[in-house]
Structures are given as C-alpha cells and as structure tokens.
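K.L.:
Protein chains in written order, with our numbering: chain A, 1 to 98; chain B, 1001 to 1371. This structure is in structure tokens; I'll ask about it shortly.
This is the structure:
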C-alpha cells in the first residue's frame, strides 16, 4: 500500500487522519498515486491538481524520501521506498504566517 | 415553534447559530470547514434544510458544500467552474489585459422555486448555475462575454461577482453586481445582459458617469417592490425605482456614504439599513462608533441606531454580504464584523446585542426564519 500524508485542511475535507493508505495498480508515479487518491476521496478532486489540466496547485509541493518532487514529470516512477510503503508520499502546503 | 437560524461565513470556517423567536439566547454550532474561508452560505427558500456553502482556500481552491439537514452535516459537491469557450481578458490593475481565471465563489443564491437550482457569483467575474444541487456547474457566459467585459477592472478585493438578486414576480430576471464593473440585469434568465448603471457617478474613474466601471459594493431589493433597488456603491448610497434603469443618490445625512452592506426591512420596503464606513482607505467605522443607519423613507433621511453597539474605540468593518433580516413580525436584523462579532436586533434595529463576540473575521451573514 502507498502511504500519502495530506495537509491539515485536506484531512478535514476528506475526513481522514494525517496519513491515508492507497492501493495503486501498475507503476507507482505521482500521477498514479494522485489518481488513486482522488478516486478514493473524490472530494479532493481539484484541490491538489487542477481538475482539467492536472497541474499541481501552485502553493502545494510534493515530497518523497526527503526530496522535492514537485517539478518532476508526473509519470516518473516514485522511489522504491514509497512504492513499497516504507516511506510516505507527502503533499505539503506552503507555510503561511508572519 | 418558530426558530431562527443564522448562517455565518468567516475567514476560518462557518458557524450555524440558532435561537427561538425571542432571539435572546443563541446556540453556536461550528466551526464547519475549520481553517477555510467561507465567503458565503445560504439556504434554499423552498427547502430550508437545503444549505449551500462556498468554502475556499488559496492553497486548495474552491469547494462547494451542501447540507440537506439544516447544517448538521455537510457533503462536498461539485467544484469545477469552467469558463465556457474562449476565456477572453479583462483589465488588470495596471490597465494591461489579463485572462479570466477562476479564483473562488463569492456568493451562492439558491433558486426561489427549486431547491436543486443554485447560482454562484465568482471571481473572476462570472455567473454559474447548477440544476443538480451543486454537483455540476454551467457558466451563464453571456455576462462574462458582454461587449463591455474586456474593460472591466478588479476592485481591491478582485474582479468579483458578489450580488445575485432573483425576483419571484419576474422569473427570468436576474440582477447581478460586480466590483468594479457595476450592476447588470438580465430579463431572459441570463441569456443577455444590460448594464444598469445610469445615474451612478464615480470620481475615481476617468469617465465619471460611464456605462460600466463603477465599484458597486452591494444591491438589495424588497420582494414586494421588485423594481425598487437600493445600492451601496464604493461611495454613495443609491436608489432605483425602475429595476436599475436609472439611479439617484439617497445618501442624505449619512456621516459618510462609503460602505459595503445594505439591506431592506422584511416588512417595510422603504426601510433601509446601511453601516457607514470611514473611507476607501480607512475600512472601519467612523469616530470609533459602530452605528447602523436606518432610513424609513427609502433613503435621504437616516437615523443612527446605536443602542447596544460600541460607541467608542471600535474600528471594525462590515462586509457586503454580512447583513441579513429575518421575517418575524418584529423584523430581526443581523450583521457580522471584521472583529468577529455578530450583532442581532430583534426590534428592527432599535436595540442590539452581540450574540457572539469572538468568531474569526465575518465574511457573510444570512438568516432563515423556520416555522
């Protein structure tokens, strides 16, 4: 199972805890993980990626194994640690504050 | 037993406040959608348990929520607001052409006849309609593609369509207002639109009485007199007696005619309420005094309503959608402030009481009178 960590506002929206587990068929990429996430939690459609273009919303970043994957191709394979469920895939909101 | 339900949208969630017809003690339920901006929420006049809420956040975009049980539980519905066809451009702050981009829903207006039909006024300015209880949204694109639209420019809050008025006596009539393009009327259910800004005069635009370009902050109508409209413009309180074809100023003796909110008494169509704000640079009430002004003559002659409201050291604002009136015999008037207070008057404004003091900044207040 793939582990995905959501930012707090999206946990509230999806009524889930900090981390969700997803089954992803085929190659584990950012696109396949996000597709599986949105299929399991349809209320998240449009909140992480634009519904039409599937582009990442600008104030969100994607991390895996302590690396920023936000600018990677969505079809690049994610690290084996993430694919094996040993490390989570993180969706992180830009920090707000002053 | 009659109940009153207030729907309060704030910068950090929504709150549902309920009371009996005496309106003295209130139960506060919330926050719903904690941490999110809730620009507006409103109930269907046909089915009061059907509520719609516009929840948004810069990080995550727009979510529309629906409740079928009066706000006890909520479910996200459709959040896809796609402009139809070519998106065109509007003017940006520096007068350059800027493509229309959907940012958020400012106002939700449920149909007067069908609980599954609801209109959404959005930024960048356009009008959307759902006929399946919010699951899908279709743009009524004739407004955004009006010949004047490429000249529309945003106000400080963005190019937002914030006012939607439906009229039971003219089922195909829709009146909208956009900051800062002005007011528009459709008499064919949104297929075509007429700018209705004749008589408005704005000294902050090059052509002071232009057909469009006026920063209309809010428009209100009493259902029994649908041709009479009251407008709080950026500066000036205005009145129309012909459904917006012509406007005249009714600011009269107000201490300042800048403001955001305006509303009409539920039983007296010539009784109007505003909350004057110091100026466009000082978005707080003048002289540190929170005063609602009431006109019982349809404008021009205004009286300050102060009983129960802070009369010193108060520097709050009251935003355009943050006032509402109930329909009980003694009309209740409600408004919320940027300081998080919601004030209620159970006697048409003669006296006021803060029914909550410390909510997040209030963006909108709506009220339902439940039999």
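The C-beta atom is built at its ideal place from N, Cα and C for all residues, glycine as well. Every value quoted in this text rests on a predicted model; they were computed, and no experiment measured them.
(1) Using DSSP with H/G/I as helix, E/B as strand and the rest coil, what is residue 119 (chain A)?
(2) Could you pull the start and end residues of the beta strand (DSSP E) that residue 1366 (chain B) belongs to?
(3) Got a sec? Which residues, its chain only, sit under 7 Å from residue 1270 (chain B) by beta carbon, not counting five neighbours each side?
(4) Skipping 5 residues on each side, what residues in its chain have a beta carbon closer than 8 Å to that of residue 1093 (chain B)?
(5) Is residue 1057 (chain B) close to chain A, meaning its C-beta is less than 9 Å from at least one C-beta of that chain?
(6) If I'm right that residue 74 (chain A) touches residue 31 (chain A) with Cβ under 8 Å, what's the distance once you round it to whole angstroms?
(7) Does residue 1298 (chain B) come out as helix, strand or coil in the three-state DSSP assignment?
(8) For residue 1109 (chain B), is the classification buried or exposed, using 16 other Cβ atoms within 10 angstroms of its Cβ as the cut-off for buried?
(9) Take the Cβ of residue 1287 (chain B) as the centre, count every other Cβ of all protein chains shown within 10 Å, and call the residue buried at 16 or more, exposed below.
(10) Put residue 1383 (chain B) into one of helix, strand or coil per three-state DSSP.
(11) Under 8 Å: do the stretch 18-25 of chain A and the stretch 1038-1055 of chain B share three or more Cβ pairs, one atom per stretch?
(12) If you run the structure through DSSP and keep just helix, strand and coil, what is residue 1155 (chain B)?
(13) With distances taken from CA atoms, which of B:1015, B:1003, B:1353, B:1284 is nearest residue 1305 (chain B)?
(14) If the cut-off is 9 Å on Cβ atoms, which residues from the stretch 1035-1059 of chain B count as contacting chain A, listed in chain order?
(15) To the nearest angstrom, how far is the alpha carbon of residue 1279 (chain B) from that of residue 1179 (chain B)?
(16) By the three-class DSSP mapping on this structure, what secondary structure does residue 1075 (chain B) have?
(17) Would the C-beta of residue 1352 (chain B) count as close to the ligand PLP, meaning under 8 Å from any of its heavy atoms?
(18) What span of residues does the beta strand (DSSP E) with residue 1176 (chain B) cover, start to end?
(19) Could you check what DSSP says for residue 24 (chain A) in three-state terms: helix, strand or coil?
(20) Kindly say whether residue 1061 (chain B), judged by its beta-carbon, lies nearer than 9 Å to any beta-carbon of chain A.
(21) Using the beta-carbon count (16 or more within 10 Å), is residue 1251 (chain B) buried or exposed?
(22) Would you list, in sequence order, the uninterrupted alpha helix (DSSP H) runs of no fewer than 4 residues that lie entirely inside the stretch 1015-1060 of chain B?
(23) Quick one: Cα of residue 1219 (chain B) to Cα of residue 62 (chain A), how far?
(24) Give the secondary structure of residue 9 (chain A) by DSSP, where H, G and I count as helix, E and B as strand, and everything else as coil.
(25) Counting along the chain, where does the beta strand (DSSP E) carrying residue 81 (chain A) start and finish?
(26) Counting only beta-carbon separations shorter than 9 Å, does residue 48 (chain A) have a partner in chain B?
(27) Please decide whether residue 1080 (chain B) counts as near chain A, where near means a Cβ-Cβ distance under 9 Å.
(28) Residue 1099 (chain B): buried (16+ other C-beta within 10 angstroms of its C-beta) or exposed?
(29) Does the beta-carbon of residue 1204 (chain B) have 16 or more other beta-carbons within 10 angstroms, so that it is buried, or is it exposed?
(30) Kindly say whether residue 1128 (chain B), judged by its beta-carbon, lies nearer than 9 Å to any beta-carbon of chain A.
(31) Classify residue 46 (chain A): buried if its beta carbon has 16 or more other beta carbons within 10 angstroms, exposed otherwise.
(32) Could you spell out where the beta strand (DSSP E) holding residue 1218 (chain B) opens and where it closes?
(33) Could you tell me the distance, in whole angstroms, from the CA atom of residue 1277 (chain B) to the CA atom of residue 1315 (chain B)?
(34) Tell me the DSSP secondary structure of residue 37 (chain A) in three-state form.
(35) Kindly list, in the order they appear in chain B, the residues whose Cβ is closer than 8 Å to that of residue 57 (chain A).
(36) Among the residues of its own chain, which have a CB less than 6 Å from the CB of residue 1368 (chain B), if the five just before and after it don't count?
P.N.:
Judging by the given coordinates:
(1) The structure shown does not extend to residue 119 (chain A), since chain A is modelled only from 1 through 98, so no value can be given for it.
(2) Reading the second chain from its first residue, position 366 is the one you call residue 1366 (chain B). 1362-1370 is the span of the beta strand (DSSP E), which, as asked, contains residue 1366 (chain B).
(3) Start at 1 with the first residue of the second chain, and residue 1270 (chain B) comes out as number 270. Only residues of its own chain outside the window of five on either side were considered, and among them 1296, 1297, 1298 have a CB closer than 7 Å to the CB of residue 1270 (chain B), listed in chain order.
(4) In the second chain, the residue the question calls residue 1093 (chain B) occupies position 93. So the qualifying residues of the chain are 1153, 1154.
(5) The sequence position of residue 1057 (chain B) within the second chain is 57, counting from 1. At a cut-off of 9 Å, the C-beta of residue 1057 (chain B) has a neighbouring C-beta in chain A.
(6) Counting from 1 along the first chain, the entry for residue 74 (chain A) is found at position 74. Counting from 1 along the first chain, the entry for residue 31 (chain A) is found at position 31. Right, the Cβ-Cβ distance comes to about 4 Å (below 8 Å), so this counts as a contact.
(7) Residue 1298 (chain B) sits at position 298 when you count from the first residue of the second chain. Coil.
(8) Translated into positions along the second chain, residue 1109 (chain B) becomes position 109. Per the 10 Å Cβ criterion, buried.
(9) Within the second chain, the letter at position 287 stands for residue 1287 (chain B). Residue burial annotation: residue 1287 (chain B) is exposed, with fewer than 16 other C-beta atoms found within 10 angstroms of its C-beta.
(10) Nothing in the structure corresponds to residue 1383 (chain B), since chain B is present only between 1001 and 1371.
(11) Using a C-beta cut-off of 8 Å, the stretch 18-25 of chain A makes no contact with the stretch 1038-1055 of chain B, since fewer than three inter-stretch Cβ pairs fall below that distance.
(12) For the purposes of this step, residue 1155 (chain B) is taken as residue 155 along the second chain, with counting starting at 1. Strand, per DSSP.
(13) Here residue 1305 (chain B) refers to the residue found at position 305 of the second chain. Checking every option, the nearest Cα to that of residue 1305 (chain B) belongs to B:1353.
(14) Listed in sequence order: 1035, 1036, 1055, 1057, 1058, 1059.
(15) Position 279 of the second chain, counting from 1, holds the residue named residue 1279 (chain B). Position 179 of the second chain, counting from 1, holds the residue named residue 1179 (chain B). Answer to the nearest angstrom: the Cα atoms are 16 Å apart.
(16) Counting from 1 along the second chain, the entry for residue 1075 (chain B) is found at position 75. Looking at residue 1075 (chain B) - three-state DSSP - the assignment turns out to be strand.
(17) Absence of the ligand PLP from the depicted structure is noted, as is the absence of any ligand whatsoever, leaving it without description.
(18) The count along the second chain starts at 1 and reaches residue 1176 (chain B) at position 176. 1174-1179 is the extent of the beta strand (DSSP E) around residue 1176 (chain B).
(19) By 1-based counting over the first chain, the position of residue 24 (chain A) is 24. Residue state, collapsed to three classes: coil.
(20) In the second chain, residue 1061 (chain B) corresponds to position 61, counting from 1. Answer yes: the Cβ-Cβ gap between residue 1061 (chain B) and chain A drops below 9 Å somewhere.
(21) Against the second chain, residue 1251 (chain B) aligns to sequence position 251. It counts as buried.
(22) If only uninterrupted alpha helix (DSSP H) runs of at least 4 residues are considered, none is enclosed by the stretch 1015-1060 of chain B.
(23) Start at 1 with the first residue of the second chain, and residue 1219 (chain B) comes out as number 219. Start at 1 with the first residue of the first chain, and residue 62 (chain A) comes out as number 62. Rounded to the nearest whole angstrom, the CA to CA distance from residue 1219 (chain B) to residue 62 (chain A) is 44 Å.
(24) For the purposes of this step, residue 9 (chain A) is taken as the residue at position 9 of the first chain. DSSP places residue 9 (chain A) within a helical segment (H, G or I) once states are collapsed to three.
(25) Within the first chain, residue 81 (chain A) is the residue found at index 81, counting from 1. The continuous stretches of beta strand (DSSP E) do not include residue 81 (chain A), which lies in the alpha helix (DSSP H) extending over residues 80-83.
(26) Translated into positions along the first chain, residue 48 (chain A) becomes position 48. Contacts with chain B at 9 Å (Cβ-Cβ) include residue 48 (chain A).
(27) In the second chain, residue 1080 (chain B) corresponds to position 80, counting from 1. For residue 1080 (chain B), the answer is yes, since a Cβ of chain A falls inside 9 Å of its Cβ.
(28) Sequence index remark: in the second chain, residue 1099 (chain B) carries index 99 (1-based). Exposed.
(29) On the second chain, position 204 is the one that residue 1204 (chain B) refers to. Classification for residue 1204 (chain B): exposed.
(30) Within the second chain, the letter at position 128 stands for residue 1128 (chain B). Using beta-carbon distances, residue 1128 (chain B) does not count as an interface residue toward chain A, since no partner is under 9 Å.
(31) Within the first chain, the letter at position 46 stands for residue 46 (chain A). Residue 46 (chain A) is buried by the Cβ-count criterion.
(32) For this step, residue 1218 (chain B) is matched to residue 218 along the second chain. Element bounds for residue 1218 (chain B): 1216-1222.
(33) Your numbering for residue 1277 (chain B) matches position 277 in the second chain. Your numbering for residue 1315 (chain B) matches position 315 in the second chain. About 10 Å.
(34) The count along the first chain starts at 1 and reaches residue 37 (chain A) at position 37. Correct three-state label for residue 37 (chain A): helix.
(35) As a working note, residue 57 (chain A) is residue 57 in the first chain. Going along chain B in sequence order, the residues near residue 57 (chain A) (Cβ under 8 Å) are 1059, 1060, 1061.
(36) Indexing the second chain from 1 puts residue 1368 (chain B) at position 368. Residues of the same chain with a CB within less than 6 Å of the CB of residue 1368 (chain B), apart from the 5 flanking positions on each side, are 1005, 1043, 1048 in chain order.
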